[in-house]
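Enquirer: Let me begin by handing over the structure; questions about it come next.
Number of protein chains: 2
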Amino acid sequence: MQISDPTPAGHPALNERTQHLLKFLVERYIRDGQPVGSRTLSRDAGLDLSSATVRNVMADLEELGYLRAPHTSAGRVPTARGYRFFIDTLLRVKPLDPREIEVLRRRIDQPAQSGTELARSVSDLLSGVTRLAGIVMLPRRQTMTLRQVEFLPLSERRVLAILVLNGQEVQNRIIQTRRAYDAAELQRAANYLNAQFGGQDIQQVRKTLFEELRETRDHLDRLMQTVVEMAEQTFESTPESDDYVVAGQTHLMQYADLSDLDKLRQLFEAFNQKSDLLHLFDQCLHADGVQIFVGEESGCGVLEGCSVVTAPYSTGDQVLGVLGIIGPTRMAYDRVIPVVDVTARLLAEVLDGQRD
Amino acid sequence: MQISDPTPAGHPALNERTQHLLKFLVERYIRDGQPVGSRTLSRDAGLDLSSATVRNVMADLEELGYLRAPHTSAGRVPTARGYRFFIDTLLRVKPLDPREIEVLRRRIDQPAQSGTELARSVSDLLSGVTRLAGIVMLPRRQTMTLRQVEFLPLSERRVLAILVLNGQEVQNRIIQTRRAYDAAELQRAANYLNAQFGGQDIQQVRKTLFEELRETRDHLDRLMQTVVEMAEQTFESTPESDDYVVAGQTHLMQYADLSDLDKLRQLFEAFNQKSDLLHLFDQCLHADGVQIFVGEESGCGVLEGCSVVTAPYSTGDQVLGVLGIIGPTRMAYDRVIPVVDVTARLLAEVLDGQRD
DNA sequence: TCTTAGCACTCCTCACCTCAGAGTGCCAAT
DNA sequence: ATTGGCACTCTGAGGTGAGGAGTGCTAAGA
Numbered sequence: 003m004q005i006s007d008p009t010p011a012g013h014p015a016l017n018e019r020t021q022h023l024l025k026f027l028v029e030r031y032i033r034d035g036q037p038v039g040s041r042t043l044s045r046d047a048g049l050d051l052s053s054a055t056v057r058n059v060m061a062d063l064e065e066l067g068y069l070r071a072p073h074t075s076a077g078r079v080p081t082a083r084g085y086r087f088f089i090d091t092l093l094r095v096k097p098l099d100p101r102e103i104e105v106l107r108r109r110i111d112q113p114a115q116s117g118t119e120l121a122r123s124v125s126d127l128l129s130g131v132t133r134l135a136g137i138v139m140l141p142r143r144q145t146m147t148l149r150q151v152e153f154l155p156l157s158e159r160r161v162l163a164i165l166v167l168n169g170q171e172v173q174n175r176i177i178q179t180r181r182a183y184d185a186a187e188l189q190r191a192a193n194y195l196n197a198q199f200g201g202q203d204i205q206q207v208r209k210t211l212f213e214e215l216r217e218t219r220d221h222l223d224r225l226m227q228t229v230v231e232m233a234e235q236t237f238e239s240t241p242e243s244d245d246y247v248v249a250g251q252t253h254l255m256q257y258a259d260l261s262d263l264d265k266l267r268q269l270f271e272a273f274n275q276k277s278d279l280l281h282l283f284d285q286c287l288h289a290d291g292v293q294i295f296v297g298e299e300s301g302c303g304v305l306e307g308c309s310v311v312t313a314p315y316s317t318g319d320q321v322l323g324v325l326g327i328i329g330p331t332r333m334a335y336d337r338v339i340p341v342v343d344v345t346a347r348l349l350a351e352v353l354d355g356q357r358d
Numbered sequence: 003m004q005i006s007d008p009t010p011a012g013h014p015a016l017n018e019r020t021q022h023l024l025k026f027l028v029e030r031y032i033r034d035g036q037p038v039g040s041r042t043l044s045r046d047a048g049l050d051l052s053s054a055t056v057r058n059v060m061a062d063l064e065e066l067g068y069l070r071a072p073h074t075s076a077g078r079v080p081t082a083r084g085y086r087f088f089i090d091t092l093l094r095v096k097p098l099d100p101r102e103i104e105v106l107r108r109r110i111d112q113p114a115q116s117g118t119e120l121a122r123s124v125s126d127l128l129s130g131v132t133r134l135a136g137i138v139m140l141p142r143r144q145t146m147t148l149r150q151v152e153f154l155p156l157s158e159r160r161v162l163a164i165l166v167l168n169g170q171e172v173q174n175r176i177i178q179t180r181r182a183y184d185a186a187e188l189q190r191a192a193n194y195l196n197a198q199f200g201g202q203d204i205q206q207v208r209k210t211l212f213e214e215l216r217e218t219r220d221h222l223d224r225l226m227q228t229v230v231e232m233a234e235q236t237f238e239s240t241p242e243s244d245d246y247v248v249a250g251q252t253h254l255m256q257y258a259d260l261s262d263l264d265k266l267r268q269l270f271e272a273f274n275q276k277s278d279l280l281h282l283f284d285q286c287l288h289a290d291g292v293q294i295f296v297g298e299e300s301g302c303g304v305l306e307g308c309s310v311v312t313a314p315y316s317t318g319d320q321v322l323g324v325l326g327i328i329g330p331t332r333m334a335y336d337r338v339i340p341v342v343d344v345t346a347r348l349l350a351e352v353l354d355g356q357r358d
C-alpha cells in the first residue's frame with residue numbers, strides 16, 4: 003500500500019527519540035482524546051526520561067508546529083502538521099486479518115442491480131466497519147462506453163430509451179417525441195445506433211451525432227430523422243453528473259470533537275451539497291493508492307476537525323472511482339487506512355469479475 | 003382540508019376565555035420558544051384580565067393536562083395534549099397565497115425520470131419551504147400494474163429485464179440465466195408475457211406465473227421454458243420494498259428543542275432505519291387529508307419532541323403514497339399544514355397528468 | 001552538553017455561594 | 001368571579017476559592 007501525501011511539505015529531521023515521543027503522544031491522544039502531558043509520556047512512553055526532559059522535547063515540537071497546548075496547563079495535542087508527520091513517517095499500519103478480508107469480500111460481492119446500489123452497499127460497509135461516514139463515488143460517466151441502446155414505445159408520444167453502458171450500468175430515459183413512432187421504426191433506429199456507435203465512448207457518440215448529423219438534417223431519410231430525434235434526447239441530457247453515496251453520517255455525531263452542533267450541521271449540508279466533496283474526491287481519482295487529508299488540508303472549510311481517507315478503485319488500467327471515509331481527525335488511522343485500501347481493491351476485483 | 007385526529011380523545015368543554023388564553027399561549031410559545039407567564043398573557047392576550055386571574059386559568063389548564071411548568075417559576079408550556087387540542091379546535095389555518103401555490107406547482111411539475119427522482123424533488127421542496135425535514139413515501143408497489151416487459155441480452159448468461167409499470171415507473175433487473183439466449187427467443191418470451199399479463203396487477207402476475215406454470219414445468223415447450231426462467235427472476239425479487247425519501251434533515255439541527263445530540267442521532271438513525279417511519283406512514287395512507295402526530299402520539303420513541311404532518315396523495319380513486327414533514331413539536335402548524343396539504347394535491351395532479 | 005530535580009506560575013475545573021428576576025400560589029378584599 | 005398583595009420558589013449569571021494538572025525556567029549533576 004502506498005500512502006501519498008497530497009500536500010508534500012518539508013519536514014525538518016527529528017532525532018529518533020523525538021520521533022518516538024511524538025508517535026506515542028499522537029497515538030495516546032487518538033486513544034484517549036485528552037491532551038497528553040509530560041508526566042504521562044515520561045511514565046508510559048518507555049524511554050526512561052524525566053518529565054522535565056520530555057517537556058523540553060515537547061517545547062521543541064511545539065516550536066516546529068507539530069503540537070500545540072490548548073492552554074497553559076493542559077498537556078499537548080497534535081496539530082494538523084503533527085498528524086501529517088505522524089501519518090507520513092511514524093505510522094505503522096496493521097495489515098488486515100485475512101479472515102476479515104474474506105468477510106469484506108463476501109459483503110461486497112453481492113449481486114447488485116445498479117452502480118448506485120453497489121455503491122450504497124459498499125459505503126454502508128465502510129461506515130459499518132470503521133464507525134465513520136463512508137463515501138463511495140460512483141464510476142465517472144466520462145469514461146463510459148455505449149454498449150447498447152434500445153427504444154420502447156410507452157404511449158403515443160412517449161418513448162423509453164434504455165442505455166446499457168460498460169456492460170453493467172443501465173440507464174433509463176423517458177423521451178417526449180414530436181410524433182408517434184411504432185415499434186418497428188424504433189427498432190430500426192436502435193439497430194442503426196448500435197451498429198454505428200456500439201462500443202464507443204459516450205462523449206464521442208454525442209459529439210459525432212450532434213456535429214455530423216445536425217448539419218445534414220434536412221437531407222435525411224425517414225429512418226435517419228427518427229434516429230436523430232431519438233438520439234438527441236437520449237444523449238443530450240448530460241447523463242446525471244458525477245455523484246456519490248454517503249452512509250453512516252450519524253456516526254459522526256458521536257465524536258466529541260465534532261460536538262459543535264453548528265459545525266456538524268455545516269458538515270452534513272456539505273454532504274448534501276456534494277460539489278465541494280466531489281471536487282475533493284476528483285483530486286484523488288488518479289492518486290496511486292490511499293490518500294489522506296488532515297483537517298483543512300483539503301481546502302474545504304467545513305472539514306475542519308475532520309480527516310478524509312480515500313482510495314481510487316479501478317479495473318485493469320481504467321480508474322472507475324474513489325471511495326473512502328470521513329471522520330474526526332482524531333481517528334484510528336492504523337485501522338482505517340487498511341480498511342479503505344482493501345475495500346477499494348475488493349471492489350475493483352468484484353467489478354472486474356462482473357465484466358465478462 | 004380536513005385534519006383528522008389519529009388518537010381521538012375526549013376533551014372537556016372549555017369556556018371561550020380559557021380557549022382564547024390557551025390559543026394565545028400556544029401561539030406565543032411557538033413563536034418565541036419561551037415558557038409563557040401570566041403577566042405576558044394578561045398584557046398581550048387582549049382580554050383585559052389581571053395576571054392573577056390568568057394564573058387561575060393556567061392552573062386549571064395545567065390540572066387538565068394541557069400545560070405544564072418546566073419549574074416553579076417559569077411560565078407554562080403546552081403539553082402534547084395541549085398541542086392536540088390546539089390543533090384540533092383552536093387552530094385557524096392560513097390558506098396559501100395562490101401565487102405561492104403556483105410556485106409550488108411549477109417546482110413539482112418538472113419532467114422526472116423516475117418515481118424516486120420525483121419523490122426526491124418533492125421532498126426537497128417540502129423541506130425548503132417549511133425549513134423542516136420533508137418526507138415523500140414512494141408509490142406503494144402493491145398496486146402496480148404491469149404495462150410492459152422487455153428482455154435485452156447483455157452477454158452470454160446475462161439478460162437485462164425492463165419492467166414498465168403504471169406507465170411511468172421503469173425498473174431494471176439484471177438476470178443471470180442458466181443458458182445463453184438469443185435476442186429472438188427473448189423477444190418471443192417478452193411478447194408472450196406482454197400479451198398474457200399486460201395491464202394486470204403485478205402481484206397477480208407473480209401469483210399466476212408461479213402457481214400455474216410451476217406445476218406444469220416439465221411439459222413445457224422451449225418457448226415456455228424461456229418464459230418461466232425469465233419471469234421467475236424478473237418478478238420474484240419482491241420489487242424493492244416500500245421506501246421513502248427524506249430531505250432537509252439538517253434543518254432539524256437548528257431547533258433548540260432538539261439540541262440534545264444523542265436524541266438527534268437517534269432520530270437520524272430512525273430516518274435511515276426506515277422501518278418505524280414506514281409503519282407510521284402506512285397508517286396515514288388511507289387517512290382522508292392531513293394528519294398530525296404530536297410528540298409520542300406516533301408511538302415512536304425517537305419522535306419525542308417532534309411532530310409529523312402527513313397527507314396522502316392519490317390519482318383518481320387510487321391512493322399512491324404519503325408525503326409530509328417532520329419537525330419539532332414547536333412548529334408553525336398554521337403554515338406547515340396548508341403546505342403539506344397543497345403539495346399532496348399538486349403531486350396528485352401532476353401524476354394524474356402524466357398518465358396518458 | 002545533555003539531563004534532571006525543584007519551584008514558581010498559570011490556567012482550568014468544580015463546587016459553592018449570592019443575588020436579581022421572573023413567575024407562582026394563595027389569601028383577603030372588592 | 002376578579003383582583004392586589006405577598007411570601008415563596010426556582011433559575012441563571014456572576015463571583016470566589018481550593019485543588020490539580022501541567023508548564024517554563026533555573027541551577028545542579030553526569
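Chains A and B, in that order, give the protein sequences. Numbering of the first sequence is given in my numbering, commencing with residue 3 and proceeding in unit increments. Numbering of the second sequence is given in my numbering, commencing with residue 3 and proceeding in unit increments. Idealized CB from N, CA, C, for every residue including glycine.
By how many angstroms is the C-alpha of R175(A) removed from the C-alpha of D319(A)?
Expert: Approximately 30 angstroms between the Cα atoms of the pair.
Enquirer: Tell me whether D2(B) is buried or exposed, calling it buried when 16 or more other Cβ atoms sit within 10 Å of its Cβ.
Expert: No statement about residue 2(B) is possible, as the shown extent of chain B runs from 3 to 358 and does not include it.
Enquirer: According to DSSP, is A135(A) part of a helix, a strand, or is it coil?
Expert: Strand.
Enquirer: Can you give me the C-alpha to C-alpha distance between S75(A) and L66(B), rounded to a whole angstrom?
Expert: Approximately 55 angstroms, taken between the alpha carbons.
Enquirer: Name the residue from V304(A), L353(A), V324(A) and I294(A) whose alpha carbon lies nearest to the alpha carbon of M333(A).
Expert: Measuring from the Cα of M333(A), the nearest candidate turns out to be I294(A).
Enquirer: Does the distance from the C-beta atom of T132(B) to that of V338(B) stay below 8 angstroms?
Expert: Yes. Within cutoff.
Enquirer: Compare the beta carbon distance of L305(B) and G297(B) with 8 angstroms and say whether it is the shorter of the two.
Expert: Their beta carbons are under 8 angstroms apart, which means L305(B) touches G297(B) by this criterion.
Enquirer: Using a Cβ cut-off of 7 angstroms, pull out every chain B residue sitting near E152(A), in sequence order please.
Expert: Ordered by position in chain B, the residues that pass the 7 angstroms Cβ test against E152(A) are L154.
Enquirer: 8 angstroms is my cut-off, CB to CB: does L353(A) come that close to chain B?
Expert: For L353(A), the answer is no, since every Cβ of chain B falls outside 8 angstroms of its Cβ.
Enquirer: Taking M60(B) as the reference, give the member of D34(B), F199(B), V79(B) and I110(B) with the closest Cα.
Expert: Taking only the C-alpha atoms, the option nearest M60(B) is V79(B).
Enquirer: Anything in chain B within Cβ reach of I164(A), meaning under 9 angstroms, just list it in chain order.
Expert: Neighbours of I164(A) on chain B, chain order: E152, L154, L162, I164, V172 and N174.
Enquirer: What residues from chain B crowd round Q256(A), counting only those whose CB sits closer than 8 angstroms?
Expert: R267, listed in chain order.
Enquirer: Just how far apart, CA to CA, sit G307(B) and L134(B)?
Expert: Going by the C-alpha atoms only, they are around 14 angstroms apart.
Enquirer: Sorted by chain position, which residues of the same chain lie with C-beta nearer than 7 angstroms to A346(A)'s C-beta, five sequence neighbours on each side aside?
Expert: Closer than 7 angstroms at the Cβ level, and outside the excluded window around A346(A), lie A313, P314, Y315 and L325.
Enquirer: Enumerate in chain order the residues of its own chain whose CB-to-CB distance from D62(B) is below 8 angstroms, with the five nearest sequence positions on each side excluded.
Expert: Result list for D62(B): T20, in chain order.
Enquirer: Any beta-carbon of chain A closer than 8 angstroms to the one on E187(B)?
Expert: No, its Cβ sits nowhere closer than 8 angstroms to a Cβ of chain A.
Enquirer: Give the DSSP-derived three-state secondary structure of P330(A) in the structure shown.
Expert: Looking at P330(A) - three-state DSSP - the assignment turns out to be strand.
Enquirer: Decide if L225(A) is buried, meaning its Cβ has at least 16 other Cβ atoms within 10 Å, or exposed.
Expert: It counts as exposed.
Enquirer: Could you check whether the Cβ of F270(B) sits closer than 8 angstroms to any Cβ belonging to chain A?
Expert: With 8 angstroms as the cut-off, F270(B) counts as an interface residue toward chain A.
Enquirer: Are the Cβ atoms of L93(A) and D336(A) separated by less than 8 angstroms?
Expert: Cβ atoms of L93(A) and D336(A): closer than 8 angstroms.
Enquirer: Take D284(A) and list the residues in its own chain whose beta-carbon comes closer than 7 angstroms to its own, dropping the five residues that flank it on each side.
Expert: There are no such residues.
Enquirer: Kindly say whether N274(A), judged by its beta-carbon, lies nearer than 8 angstroms to any beta-carbon of chain B.
Expert: Cβ-Cβ to chain B under 8 angstroms: yes for N274(A).
Enquirer: Using alpha carbons as the reference points, say which of A163(A), P37(A), D46(A) and L106(A) lies closest to H22(A).
Expert: It is D46(A) whose Cα lies nearest to the Cα of H22(A).
Enquirer: Have a look at the DSSP bridge pairing and note the partners of N174(A).
Expert: I164(A).
Enquirer: Using a Cβ-Cβ distance under 8 angstroms, would T317(A) count as near chain B?
Expert: No, T317(A) does not count as interfacial toward chain B.
Enquirer: Which word fits G35(B), buried or exposed, when buried means at least 16 other C-beta atoms lie within 10 angstroms of its C-beta?
Expert: By the neighbour-count rule (16 or more Cβ atoms within 10 Å), G35(B) is not buried but exposed.
Enquirer: Between the alpha carbons of L280(B) and A289(B), how many angstroms are there, rounded?
Expert: One C-alpha to the other measures close to 15 angstroms.
Enquirer: Distance check for P100(B) and A191(A), CA to CA, integer angstroms please.
Expert: Between A191(A) and P100(B), the C-alpha separation is close to 45 angstroms.
Enquirer: Does any residue of chain A bring its CB to less than 8 angstroms from the CB of D358(B)?
Expert: For D358(B), the pLDDT reaches just 45, beneath the cut-off of 50, and the residue's location in the model is therefore unreliable, although a value from the coordinates is still provided. Yes, because at least one Cβ of chain A sits closer than 8 angstroms to the Cβ of D358(B).
Enquirer: Across which residues does DSSP place R78(B) in a beta bridge pair?
Expert: Beta-bridge pairing links R78(B) to V38(B).
Enquirer: Within its chain, find whatever has a CB closer than 6 angstroms to the CB of Q235(B); leave out the 5 residues flanking it on each side and keep chain order.
Expert: Correct list, in chain order: I177.
Enquirer: M232(B) and A163(B): beta carbons closer than 8 angstroms?
Expert: Yes, they are a contact pair.
Enquirer: Return the CA-CA distance between L353(A) and Q112(A), expressed in angstroms with no decimal places.
Expert: If I take the Cα positions, the gap works out to 11 angstroms.
Enquirer: Which chain B residues sit within Cβ distance under 7 angstroms of T132(A)?
Expert: In chain order: nothing, as chain B lies at least about 16 angstroms away.
Enquirer: Look at G130(B) and G250(B) and say whether their C-beta atoms are less than 8 angstroms apart.
Expert: In contact: G130(B) and G250(B) (Cβ atoms closer than 8 angstroms).
Enquirer: Spatial neighbours of P340(A) within its chain, please: C-beta separation below 8 angstroms, excluding the five flanking residues on both sides.
Expert: Cβ neighbours of P340(A) beyond the five flanking positions: M3, V95, K96, P97 and L98.
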